[in-house]
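For the record, the sequence lines run as chains U and Z. Residue numbers for the first sequence follow the numbering used here, so the first one is 2 and each next one is one higher. Residue numbers for the second sequence follow the numbering used here, so the first one is 28 and each next one is one higher. Down below is the structure, laid out as structure tokens.
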Amino acid sequence: MNKRLTVSLKNGDFCGIREIPSFSGEELSSVISQSAGEGMRIVSFFAVPLPKDGGKLFAVLADDTHGVLYPLASAELKSYPSVTPSCPQAHLFEREIFEQSGIIPEGHPWLKPVRKLMKNDSFYHIDSDEIHEVAVGPVHAGVIEPGHFRFQCSGERVFHMEIALGYQHRGIENALSGTPGLKTIHYMETLAGDTTIGHSTAYSMIIEALRGITPYPRAEAIRAIALEMERIANHIGDLGALAGDIGYLPSKSFCGRLRGDALNMTAEICGNRFGRNLVRPGGVRYDLDRPLSEKLLAKIKDFRNDAVQAAEIMWDVPSVLERFEDTGIVSKETAARIGMVGPSARASGLKRDVRSQFPTGAYRFNHVPIVTYESGDVFARALTREMEINRSIKFIQDLLKNPPTSPLMNDKAKNIAGDSFAAAMVEGWRGEICHTAITDKNGGFARYKVTDPSFHNWFGLACCMKNGAISDFPVCNKSFSLSYCGHDL
Amino acid sequence: MFKSLRARIDQKYRTIPFPISDPVLPERYTGRPALSPEKCDRCSECVSVCPTGAIALRKKGITIDTARCIFCAECAEICPKDAIVFSREFRMGANEKAGLIENGAERKPISALNKKMLRTFGRSLKFRVVSAGGCNACEADINVLGTIGFDLDRFGISYAASPRHADGLIVTGPISMNMKEAVLKTYEAVPEPKIVIAVGACALSGGIYAGHAETCGGVDAILPVDLYIPGCPPHPMTILNALLELLDRIPRRNG
Ligand code: SF4
Ligand code: SF4
Numbered sequence: 002m003n004k005r006l007t008v009s010l011k012n013g014d015f016c017g018i019r020e021i022p023s024f025s026g027e028e029l030s031s032v033i034s035q036s037a038g039e040g041m042r043i044v045s046f047f048a049v050p051l052p053k054d055g056g057k058l059f060a061v062l063a064d065d066t067h068g069v070l071y072p073l074a075s076a077e078l079k080s081y082p083s084v085t086p087s088c089p090q091a092h093l094f095e096r097e098i099f100e101q102s103g104i105i106p107e108g109h110p111w112l113k114p115v116r117k118l119m120k121n122d123s124f125y126h127i128d129s130d131e132i133h134e135v136a137v138g139p140v141h142a143g144v145i146e147p148g149h150f151r152f153q154c155s156g157e158r159v160f161h162m163e164i165a166l167g168y169q170h171r172g173i174e175n176a177l178s179g180t181p182g183l184k185t186i187h188y189m190e191t192l193a194g195d196t197t198i199g200h201s202t203a204y205s206m207i208i209e210a211l212r213g214i215t216p217y218p219r220a221e222a223i224r225a226i227a228l229e230m231e232r233i234a235n236h237i238g239d240l241g242a243l244a245g246d247i248g249y250l251p252s253k254s255f256c257g258r259l260r261g262d263a264l265n266m267t268a269e270i271c272g273n274r275f276g277r278n279l280v281r282p283g284g285v286r287y288d289l290d291r292p293l294s295e296k297l298l299a300k301i302k303d304f305r306n307d308a309v310q311a312a313e314i315m316w317d318v319p320s321v322l323e324r325f326e327d328t329g330i331v332s333k334e335t336a337a338r339i340g341m342v343g344p345s346a347r348a349s350g351l352k353r354d355v356r357s358q359f360p361t362g363a364y365r366f367n368h369v370p371i372v373t374y375e376s377g378d379v380f381a382r383a384l385t386r387e388m389e390i391n392r393s394i395k396f397i398q399d400l401l402k403n404p405p406t407s408p409l410m411n412d413k414a415k416n417i418a419g420d421s422f423a424a425a426m427v428e429g430w431r432g433e434i435c436h437t438a439i440t441d442k443n444g445g446f447a448r449y450k451v452t453d454p455s456f457h458n459w460f461g462l463a464c465c466m467k468n469g470a471i472s473d474f475p476v477c478n479k480s481f482s483l484s485y486c487g488h489d490l
Numbered sequence: 028m029f030k031s032l033r034a035r036i037d038q039k040y041r042t043i044p045f046p047i048s049d050p051v052l053p054e055r056y057t058g059r060p061a062l063s064p065e066k067c068d069r070c071s072e073c074v075s076v077c078p079t080g081a082i083a084l085r086k087k088g089i090t091i092d093t094a095r096c097i098f099c100a101e102c103a104e105i106c107p108k109d110a111i112v113f114s115r116e117f118r119m120g121a122n123e124k125a126g127l128i129e130n131g132a133e134r135k136p137i138s139a140l141n142k143k144m145l146r147t148f149g150r151s152l153k154f155r156v157v158s159a160g161g162c163n164a165c166e167a168d169i170n171v172l173g174t175i176g177f178d179l180d181r182f183g184i185s186y187a188a189s190p191r192h193a194d195g196l197i198v199t200g201p202i203s204m205n206m207k208e209a210v211l212k213t214y215e216a217v218p219e220p221k222i223v224i225a226v227g228a229c230a231l232s233g234g235i236y237a238g239h240a241e242t243c244g245g246v247d248a249i250l251p252v253d254l255y256i257p258g259c260p261p262h263p264m265t266i267l268n269a270l271l272e273l274l275d276r277i278p279r280r281n282g
């Protein structure tokens, strides 16, 4: 381990802002590259801009083996040597730093916009009579979020695909600065509407760390149940959508319905299919009493039987396998180099799962074994998610049968610690969600940074299309199932 | 082959009978706010907890603007007089913004399209769905209407891949500045006559993003809107019911 990483944090912990080791730009860059070379990952990396010009950089590195996070900072600077050339997982973070603060990562090979709309002539372009360019979006053919994709193709074959996002940008990060207010939790719940529980839990962990309170075990159990419900709803829905994309209609129809059943289970807990209004700093707003637990146990049993069948009939159909296998491969090495997370990383053989490696709340006592697969193709991403559904169901059943008893809300009034730095991670259904907060001397947010798993993974989609067929794009895209709004914020 | 036939039988028939009978909604579902203005003693507690400024204290008591409301139910929780209660009524929506303000009065159903429009769209209506700056939950619940549970197509309503093949737009999100041009172009591409439906608090008023410089603050800031469907997100039943009311496809109750 790098000796210059002098402060370590557990997941959902905080430290004084002045305790964080601070480096010059050159040093920071070399510490990050070196640590990444030793197997650490960049969990977050961002700037706190100064009013006039330049700013300070902050990074959070993760050591998955020991379950520890390392915060680092830089002195005030206007430019620094880019980390990306030696450590590609930094590339989007550095583009964002440049876009948000004007700080220049010198030597960055691809310093393009992240959320500002890209100009037509700034796309990567292959100049050749044999290459044609295909441009798709922002408005797509299906009911999905807006994004723009550019393909450089020769016939069916894709040489290069570029992804331009930012269409869903609605200014949440900006609005989060200052003292948390009435809207704050709702911003968190809508960072990515399909990951309400994941993001609202991460935010609650931040506030709980900064206020020095711990939620009660029952609240932690309800949060975890809701998080796993969110996972199974999205996983089963995407399995159905994958089947739909290749025209295998039985699984498409069954899974589509089952997704609704999973969302309705969440609605039984809190009244909302997406888990709105459930998780709050200090605990949860709704209880799971005995009759409701039993009702859910019965529902989840039916769900399990139907879900297993709906997914498994797909694997018996050669035409399904033919479309999924060897399509859109991301090798383990690539996945590691570009810093992928979540089921897409696990499908490429990487053991990365916050629930086991940085467990908090109910995950400290009830474990969800990590699912991995090796082939890194669409099939692997689908199968990983099917297996995760089964493990999540088991986890939910265990907790529903034996929920801890305690109050729901720990609302001891304590102030938010000033001049502090807090970091919290949650394994959302797409992967690692990371929230970091820096408070000013009065406990307001000087900076609140959200890293959605999609931020790590969009580049994986671009990589998996290299040399693939353009007609495979829909299944590849769906197999990653990334968030546009979570990326655009 | 045998397995998939078997699965077809096991997975059963799942389409809900709505509108012939009402759907079963979760017990804790927060539907249309039921206000009792006469109970309100103007303590303004509700106003102080509302994240979207949806509540107004007027001479005749409180009102909730469902264009802004995100149904967090904080107001009902804090009201000491039970003047605000969230009912389990899923029918909501209006043709005009004024119709979205709840004041305790009975709900007026959405007016159906005029005869000429109904002749054109009554049996077949295609929408291009455009998502513009929201959180994706509204799209998800629009999308879900296409699944077998709701089976939107049985009413002749479907989603078209291209605006040129559509009769109208369903728009979600507050319209981010980055999507403004794309939304306008998509609207232009829809042939006349066309209708626009705004779904969700974001699309109705900017929702929780109201006031953000990165957004336009709702669909009617840039397009004429024919139908507003409140919620954050609206329950799929709310969307389905509103579409059917617009097409005059709901059997009238009590005459
Ligand atoms: S339920 Fe609606 S009116 Fe009540 S506090 Fe929430 S947003 Fe405001
Ligand atoms: S109205 Fe609510 S649910 Fe719909 S897009 Fe906006 S924030 Fe999301």
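In this text, a Cβ means the ideal position worked out from N, Cα and C, and glycines have one as well.
Query, Result
"N-terminal and C-terminal residue of the beta strand (DSSP E) that U/Pro82 is part of", "Ser80 to Pro82"
"Contact test: Z/Glu104 Cβ vs ligand 1 heavy atom, cutoff 6 Å", "no"
"Heavy atom of ligand 3 within 6 Å of Z/Thr90 beta-carbon", "The ligand content of the structure shown is limited to ligand 1 and ligand 2, which means ligand 3 is not among them."
"Interface residues of chain Z facing U/Asp195 [CB-CB closer than 7 Å]", "Asn163, Ala164 and Ala167"
"Simplified DSSP assignment, three categories, for U/Thr440", "strand"
"heavy atom of ligand 1 below 6 Å from U/Thr191 C-beta", "no"
"Neighbourhood of Z/Pro190 by C-beta distance below 6 Å, restricted to the same chain and skipping five residues each side", "Arg155, Thr213, Ala216 and Val217"
"Below-7 Å beta-carbon distance, U/Ala268 vs any chain Z residue", "yes"
"At least three beta-carbon pairs within less than 8 Å, the stretch 369-389 of chain U to the stretch 162-173 of chain U", "no"
"Check: Z/Pro78 C-beta below 6 Å from any heavy atom of ligand 2", "no"
"Expected contact under 8 Å - CB spacing of U/Val32 and U/Asn12 to nearest Å", "Not a contact, Cβ separation roughly 21 Å."
"Amino acids of chain Z, ordered along the chain, whose beta-carbon sits closer than 8 Å to that of U/Phe255", "Ala34 and Gln38"
"Stretch pair the stretch 253-264 of chain Z + the stretch 163-179 of chain Z: three plus CB contacts closer than 8 Å", "yes"
"For U/Glu428: DSSP bridge partner residues", "U/Glu433"
"DSSP three-state assignment for U/Met341, whether helix, strand or coil", "coil"
"Within-7 Å CB hit, U/Ile314 to chain Z", "yes"
"Contained beta strand (DSSP E) runs [length at least 3] in the stretch 140-178 of chain Z, N- to C-terminal order", "152-158"
"Any 3 or more C-beta pairs closer than 8 Å across the stretch 125-135 of chain Z and the stretch 82-92 of chain Z", "yes"
"Continuous alpha helix (DSSP H) stretch holding U/Lys296: start and end", "Arg291 to Trp316"
"Any chain Z beta carbon closer than 7 Å to U/Phe474", "no"
"Around ligand 2, Cβ to any heavy atom closer than 5 Å, ordered along the chain", "U/Thr191, U/Gly194, Z/Gly161, Z/Cys162, Z/Ala164, Z/Cys165, Z/Gly227, Z/Ala228, Z/Cys229, Z/Gly234, Z/Cys259 and Z/Pro260"
"Beta carbon proximity, U/Pro251 to chain Z, threshold 7 Å", "yes"
"Which of helix, strand or coil DSSP assigns to U/Lys253", "helix"
"Within chain Z, partners of U/Ala311 - CB distance below 9 Å", "Ala34 and Gln38"
"Beta carbon proximity, Z/Phe182 to chain U, threshold 7 Å", "no"
"Three-state secondary structure assigned by DSSP to U/Asp1", "Because chain U is modelled from 2 through 490, residue 1 of chain U falls outside the range shown and cannot be assessed."
"Interface flag, U/Val285 vs chain Z, CB-CB below 7 Å", "no"
"Where U/Ala142 meets chain Z, residues with beta-carbon distance less than 8 Å", "Ala188 and Ser189"
"In chain order, each beta strand (DSSP E) run of at least 3 residues that lies wholly inside the stretch 211-255 of chain Z", "222-226"
"U/Tyr449 - containing beta strand (DSSP E), residue span", "Phe446 to Thr452"
"Check: Z/Phe98 C-beta below 6 Å from any heavy atom of ligand 1", "yes"
"Selected residue, minimal CA-CA separation from U/Pro405, among U/Trp316, U/Lys467, U/Pro216 and U/His236", "U/Pro216"
"CA nearest to the CA of Z/Leu254, picked from Z/Pro60, Z/Ser138, Z/Arg35 and Z/Ser71", "Z/Ser138"
"Residue environment, Z/His239, which counts as buried when at least 16 other CB atoms sit within 10 Å", "buried"
"Contacts that Z/Ala240 makes with chain U (C-beta to C-beta distance below 9 Å)", "Gly172 and Asn175"
"Sufficient close CB pairs (3 or more, under 8 Å) joining the stretch 42-58 of chain U to the stretch 89-97 of chain U", "yes"
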